[in-house]
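Novice: Just add 29 to the spot in the sequence shown (first one is 1) and you have our numbering.
Here it is, the structure, as C-alpha cells.
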Amino acid sequence: MRTIYKLLLVVLIGGGTLSSCNDEWTDEQFKQLISFKTQPGGWGVTDVHVRYANSAKYTYNLPVLVSGSTDNTDDRLVSFSLRDDTLDILNFEKFGNRPELYFRELPQKYYSFPKELTIPAGQSHALLPIEFSLDGLDDSQKWALPLKVCEDANGTYAVNPRKYYRTAVLRPILFNEFSGRFSGSSLLGTMAGESDIKFSSTEIKLNVVTDSIVFFYAGQRTEDYEDRINYKVFLQFTGDKVDSKKDLYKMKIWAENEKLKFNSYSTPTYKVSSEMDATKTYLKHTYIVISDIDFDFVDYTSVPNYEIEYNMKGGLSVSRDLDTRKPDEDQGSDSKWW
C-alpha cells in the first residue's frame, strides 16, 4: 500500500511540474523591442533604387518591427527622427581620411517621412513611408539618409540597442534607361603630343541627370577623385533617328565647366536592342551601344598652374541581364545599373 501511495505522490508532483513548465511558454521569453528591418551592404548603408520618372518621386516603405515570442497586445506609437552623428562615425570607419569618398546627408528638400507611426495591437510590424523627390539631386555625390527609432519617454516601448536595428542608413540611387556601368575599353584617351600612348577605363559609370540625360567623368576621373565634379561630360539620348530606316539615334554631348575647354568633333549616336534568353524565358538581354565619341578637354587640376590636353575617342557599351519577374528597382548587379 505504501508503495502505491509513493507512486501516486510522484505522479502528482511530476504532473504539477510539467504543468508549470508548459505555462512558461505563455510568457514572453525575450523582450519586445522596436527595430528597423534593413539589409545594409558592405558600406553599412541600405541601397534604395529610384528610377528617374515623375520628377524622380518614389515611396520607400521601411519595415518597423516589434520583436519577441508573444503577440503585440498594445497599440504602440513609435517616434522617428534623423540621427545626426551616424554619417560622421560611418564615414570615418569605412573611409578614414578620404573625404572625397564620404557619404553626405541628403538635404531635407529631397525627402519627407512621418515622425510617428502606430503599430496596432495584434500586429508585429508596420511600414514607415519615406517619400523621396530627387529631381535636381547632384548624382556626383554619395547621399544617405540616417534615421533612428527614438526612445519613448513614457516607457510604452523599448528600442533595440543593436547598431543596425535602431538605425537605418538609406542611400538613394538614381537610375534611368541609360545609366549604369558601361564598358569603357573602346573609349581611348591620348595626351597631346603622345598619340602612340593610349589609355582606357575598363568601366565608366553613367550617372543620372534626368530621364534622358546622363554624365560621366572625362579622362580617367572616377567617383574616387575629390575634383571629379569639375570633369563632368553630359550625354543626352534624344530619341531622334539618324536615318528613318535604321534603329540608330542621335546624341548630344557637352560640358558645362568652361575651364575644361571642351570641344567635340562629332555627333555621337546610340542604338538600343533587346532579346529574350533562349533557355531562361524570364531573362531579357538589353544592349546599348554608344558610338562616334570624339572630344578634347584639358586637365587643369592635376598639376598646379598647368593644363594637360587630352583627346577621348571611341564608344561605350553595356549588356544588361534583366529578370522580367522583378521590377526594375529590384534588379541585381547583372542589370549593370548599380
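The beta carbon of each residue, even a glycine, is placed where N, CA and C say it ideally should be.
Since we're looking at a predicted model, the values are computed, not measured.
Hey, Ser130 and Ala173 are a contact pair by Cβ (cut 8 Å); roughly how many whole angstroms apart?
Specialist: Checking the sequence shown, residue 130 turns out to be Leu, not Ser. About 12 Å; that fails the 8 Å criterion.
Novice: Could you check whether Arg210 and Glu232 sit closer than 7 Å to each other, using their CB atoms as the reference points?
Specialist: Yes; because the gap between Cβ atoms is below 7 Å, this pair is in contact.
Novice: Output the residue ranges of the alpha helix (DSSP H) runs that lie fully inside the segment 192-237 and measure 4 residues or longer, sorted by chain position.
Specialist: The qualifying runs are 192-195.
Novice: Considering only residues of the same chain and omitting the five flanking positions on each side of Ser141, which have a CB-CB separation below 7 Å?
Specialist: Closer than 7 Å at Cβ, skipping near neighbours: Glu160.
Novice: Return the residue from the list Gln152, Ser153 and Pro297 that minimises the CA-CA distance to Gly268.
Specialist: The residue with the shortest Cα to Cα distance from Gly268 is Pro297.
Novice: Report, in whole angstroms, the separation of the C-beta atoms of Ser215 and Gly344, which I expect to be a contact under 8 Å.
Specialist: Between Gly344 and Ser215 the Cβ distance is about 5 Å, and since that is below 8 Å, they are a contact.
Novice: Indicate the three-state DSSP secondary structure (helix, strand or coil) for Thr239 in the structure shown.
Specialist: Thr239: coil per DSSP, three-state reduction.
Novice: State yes or no: is the C-beta of Asn205 within less than 7 Å of the C-beta of Leu156?
Specialist: No, these two residues do not count as a Cβ contact at 7 Å.
Novice: Once you ignore the five residues that flank Asn292 on each side, which residues in its own chain have a CB closer than 7 Å to its CB?
Specialist: Correct list, in chain order: Phe324 and Asp325.
Novice: Determine the extent of the alpha helix (DSSP H) in which Glu122 is found, giving its start and end residues.
Specialist: Note, Glu122: alpha helix (DSSP H), Thr115 to Phe124.
Novice: Say whether chain D places a C-beta atom closer than 7 Å to the C-beta of Leu106.
Specialist: No chain D is part of this structure, which consists of one protein chain only.
Novice: For Lys288, name the three-state secondary structure that DSSP assigns.
Specialist: DSSP places Lys288 in helix when its eight states are reduced to three.
Novice: DSSP three-state call for Lys275: helix, strand or coil?
Specialist: Note: Lys275 maps to coil in three-state DSSP.
Novice: Since Asp352 and Leu312 are thought to touch, with beta carbons under 8 Å apart, how far apart are those beta carbons, to the nearest angstrom?
Specialist: Indeed, because the Cβ distance is near 6 Å, the residues count as touching under 8 Å.
Novice: Contact between the segment 70-77 and the segment 142-152: three or more CB pairs below 8 Å?
Specialist: As far as the Cβ criterion goes, the segment 70-77 does not touch the segment 142-152, which means the pair count is below three.
Novice: What do you get for Lys261, buried or exposed, if any count of 16 or more other CB atoms within 10 angstroms of its CB means buried?
Specialist: Answer is buried; the Cβ neighbour count reaches 16.
Novice: Note the first and the last residue of the continuous beta strand (DSSP E) segment covering Gln265.
Specialist: Lys261 to Lys270 is the extent of the beta strand (DSSP E) around Gln265.
Novice: Using DSSP with H/G/I as helix, E/B as strand and the rest coil, what is Asp76?
Specialist: It is a strand residue.
Novice: Look at the alpha carbon of Tyr316 and the alpha carbon of Asp350, and state the distance between them as a whole number of angstroms.
Specialist: Distance between the alpha carbons of Tyr316 and Asp350: 9 Å.
Novice: Using beta-carbon positions only, say whether Tyr81 and Val237 come within less than 7 Å of one another.
Specialist: For Tyr81 and Val237, yes; Cβs fall inside 7 Å.
Novice: Reducing DSSP to helix, strand and coil, say where Tyr87 ends up.
Specialist: Note: Tyr87 maps to strand in three-state DSSP.
Novice: Would the beta-carbon of Tyr299 fall within 7 Å of that of Met280?
Specialist: A contact, by the Cβ cut-off of 7 Å.
Novice: Could you pull out every residue in the same chain whose Cβ sits closer than 8 Å to the Cβ of Arg191, ignoring the five residues on either side in sequence?
Specialist: Counting only Cβ-Cβ distances below 8 Å, and skipping sequence neighbours, we find Ser64.
Novice: At which residue ranges does the segment 113-190 contain complete beta strand (DSSP E) runs of 3 or more residues, listed in the order of the chain?
Specialist: If we require 3 residues or more, the beta strand (DSSP E) runs fully inside the segment 113-190 come out as 132-134, 145-148, 154-162 and 171-178.
Novice: Runs of 4 residues minimum, wholly inside the segment 298-323: which ones carry the alpha helix (DSSP H) assignment?
Specialist: Counting only runs of 4 or more, we get nothing.
Novice: Determine the burial state of Ser362: buried for a count of at least 16 other Cβ atoms within 10 Å of its Cβ, exposed for fewer.
Specialist: When all chains shown are included, Ser362 counts as exposed.
Novice: Once the 5 residues before and after Ile258 are set aside, which same chain residues still bring their CB inside 7 Å of it?
Specialist: For Ile258, where only same-chain residues beyond five positions count, the Cβ hits under 7 Å are Ser169.
Novice: Measuring only the C-alpha atoms, how far is Asp272 from Leu176?
Specialist: Rounded to whole angstroms, Asp272 to Leu176 spans 51 Å at the Cα level.
Novice: Any idea what DSSP makes of Asp363, helix, strand or coil?
Specialist: Three-state result, Asp363: helix.
Novice: So, with DSSP's three-state summary, where would you put Asp103?
Specialist: Three-state result, Asp103: coil.
Novice: When the distance is taken between beta carbons, is Leu217 closer than 7 Å to Leu163?
Specialist: Going by C-beta atoms, Leu163 is not nearer than 7 Å to Leu217.
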